[in-house]
Amino acid sequence: MTADAPVLVTGATGAVGSAVRRALEAAGHTVHGVSRKGGPGPGQHAWHVGQEEPPDTLRRPWRAVVHCAADTRWNLPDDEAARANVDTLRAVLALTDAGTHLVHLSSSFATGLEGDVTAASPDAYRNSYEWSKAAAERLLHAERDRADIVRFPIAMGARADGSLDRYSGFFWLPAALCSGAVPALVAEDKALLDIVSTDDVAAHVTRLVAGGPPDGVRLSVLGRGDRAQRVTEAFDTVREALNDWRAEHGLPLLDGLPYVTPEQWNRFYLPFAEEYLDRTQLLRVTAFRAYQGYLSVTEPFAVTDQVEDTTGTLFRSIRLWASTHQTAARRTPRPWRA
Ligand SMILES: NC(=O)c1ccc[n+]([C@@H]2O[C@H](COP(=O)([O-])OP(=O)(O)OC[C@H]3O[C@@H](n4cnc5c(N)ncnc54)[C@H](OP(=O)(O)O)[C@@H]3O)[C@@H](O)[C@H]2O)c1
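Taking this note's numbering, the leading residue of the sequence shown gets 70, the next gets one more, and so forth.
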């Protein structure tokens, strides 16, 4: 592959893909982007990857393809998750040949409940997102001798100001803290919440592209690893950021949530809730359940590339979320009543 061929970024309008696209451009690459809806500018193409044939303009040699397109929702039916996260990679593989440097973005959570991506059964994963991201990694191993896989945990915004091009499901949390939809902090005592900045991912991918394809299938795992914030500390950071913004706007400050372990929650609070709460409250509790597994990870991710502290990045990202989602950030939590 010629060194001056352009780089293609799929999912180039998303939270991570946008940062990757900008970092590659800043490093001097000619970058083309792909997303379902397409983006502004001549290098941004609309292509529903996995569902449509690629536009002719994309059938050309690429120096590298950075595959960020995915559907990160946790609650898709298995077949939809597979279409979104496995068929997309299959289409990217068909667009490229073995000589293209393929950089595939994955999730630290793709290792599911068993700690690796080998299990094919959905039972080995917390949800269809993890399962489909693991399936994509297995597909890549089966189809390519040389490629990069980059796993990372929850991505917050830019280190400088917390800015994100798109807000993912994680931002349900600050919204829920402001509305009172989360009745308690349900987490294991020593649970960790590993977080990176989109800058970390973008800088890492840019370094990989500069270095060219690896000799085999190379795995990078970005994160704080054993230095990740505890879940309880991260919740404090989120609340401090919200309160910082709320104080500036003369709004009442949010109290800390009562802390309970998952066992206490599942054995005592949930059966009580199911008996006494109204339908809306129950729906909120059920939505919250999806997050529980992520607040109970006590084993740090085995990172290959430890990123700088992300406490400030989390603070700035949440604060910026508040100033860009004022209706949600201004709400006053209503106390839970059965
Ligand atoms: N955000 C995180 O916290 C996080 C953490 C770990 C790993 N990751 C991984 O990082 C990657 C990027 O995630 P993200 O958070 O940036 O996602 P995102 O903000 O939801 O953006 C998804 C991007 O992919 C595009 N896209 C989705 N499906 C597509 C399809 N079938 N064809 C074409 N474009 C498609 C979207 O374009 P349209 O809007 O036009 O559809 C958008 O540009 C994913 O592989 C994800 O698994 C993310």
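Note that the Cβ used here is the ideal one computed from N, Cα and C, for glycine as well.
| Asked | Found |
| --- | --- |
| For PRO282, is the classification buried or exposed, using 16 other Cβ atoms within 10 angstroms of its Cβ as the cut-off for buried? | buried |
| In terms of residues, what are the limits of the alpha helix (DSSP H) holding PHE384? | 380-393 |
| Taking 7 Å as the cut-off, is the CB of GLY119 close to at least one heavy atom of ligand 1? | yes |
| Measuring from the CB of THR379, is there a heavy atom of ligand 3 at a distance below 7 Å? | In the structure shown, ligand 3 is absent; the only ligands present are ligand 1. |
| SER266 and THR379 - do their beta-carbons sit closer together than 8 Å? | yes |
| Taking 7 Å as the cut-off, is the CB of ASP263 close to at least one heavy atom of ligand 1? | no |
| Quick one: measure Cβ to Cβ for SER197 and ALA139, integer angstroms, because I've assumed they're closer than 8 Å. | About 12 Å; that fails the 8 Å criterion. |
| Span of the beta strand (DSSP E) holding GLY292? | 286-292 |
| Under 6 Å Cβ to Cβ from PRO327, same chain only, skipping five residues before and after it: list those, please. | ALA253 |
| Pick from THR401, SER386 and ALA272: whose alpha carbon is nearest that of GLN375? | ALA272 |
| Please confirm whether any heavy atom of ligand 1 lies closer than 7 Å to the CB of SER201. | no |
| How big is the Cα-Cα spacing for GLN333 and THR165? | 51 Å |
| Please say whether HIS136 and HIS173 have beta carbons closer to each other than 8 Å? | yes |
| Using only alpha-carbon positions, find the residue among THR349, THR367, GLU302 and ARG235 that is nearest to ALA81. | ARG235 |
| Taking VAL186 and GLU206 to be in contact with their CB atoms under 8 Å, please state how far apart those CB atoms are, rounded to whole angstroms. | 5 Å |
| Please report the straight-line C-alpha distance between ALA250 and ALA397, rounded to a whole angstrom. | 12 Å |
| When every heavy atom of ligand 1 is checked, does at least one fall within less than 7 Å of the C-beta of TRP116? | yes |
| Would GLU410 be called buried (16 or more neighbouring beta carbons within 10 Å of its own) or exposed? | The requested residue 410 does not occur in the structure, where the chain is confined to residues 70 to 407. |
| The beta strand (DSSP E) with VAL251 in it runs from where to where? | Looking at the DSSP string, VAL251 is not in any beta strand (DSSP E), and its letter there is neither H nor E. |
| May I ask you to verify whether the stretch 312-332 touches the stretch 285-293, counting CB pairs closer than 8 Å and requiring at least 3? | no |
| For the stretch 203-271, list the beta strand (DSSP E) runs that are entirely contained and at least 3 residues long, ordered along the chain. | 216-221, 223-225 and 264-266 |
| Between VAL161 and VAL118, how many whole angstroms is the CB-CB distance? I'm expecting something under 8 Å. | 7 Å |
| Taking all protein chains shown into account, do 16 or more other C-beta atoms lie within 10 angstroms of the C-beta of ASN430, making it buried, or fewer, making it exposed? | Residue 430 lies beyond the stretch modelled for the chain, which goes from 70 to 407, so this question has no answer here. |
| Please tell me whether, using a cut-off of 7 Å, the distance from the CB of LEU364 to the nearest non-hydrogen atom of ligand 1 is below it. | no |
| Bridge partners of LEU174, per DSSP? | VAL219 |
| Please classify PRO190 as buried or exposed, where buried requires at least 16 other C-beta atoms within 10 Å of its C-beta. | Note that residue 190 corresponds to Ser in the displayed sequence, not to Pro. When all chains shown are included, SER190 counts as exposed. |
| Do you know whose CA, among LEU242, ARG400 and PHE370, lies nearest SER289's CA? | PHE370 |
| Whose C-alpha, out of THR141, THR79 and THR349, is nearest the C-alpha of GLY112? | THR79 |
| Please list the terminal residues of the continuous alpha helix (DSSP H) segment that includes LEU164. | 157-164 |
| What are the boundary residues of the beta strand (DSSP E) that GLY86 is part of? | Per DSSP, GLY86 belongs to no beta strand (DSSP E); it is in the alpha helix (DSSP H), 84-95. |
| When we look at the beta-carbon of ASP125 and count the other beta-carbons within 10 Å, is it buried (16 or more) or exposed? | exposed |
| Verify the contact flag: ARG315, CB atom, against every heavy atom of ligand 1, threshold strictly below 7 Å. | no |
| The beta strand (DSSP E) spanning LEU77 covers which residue range? | 76-79 |
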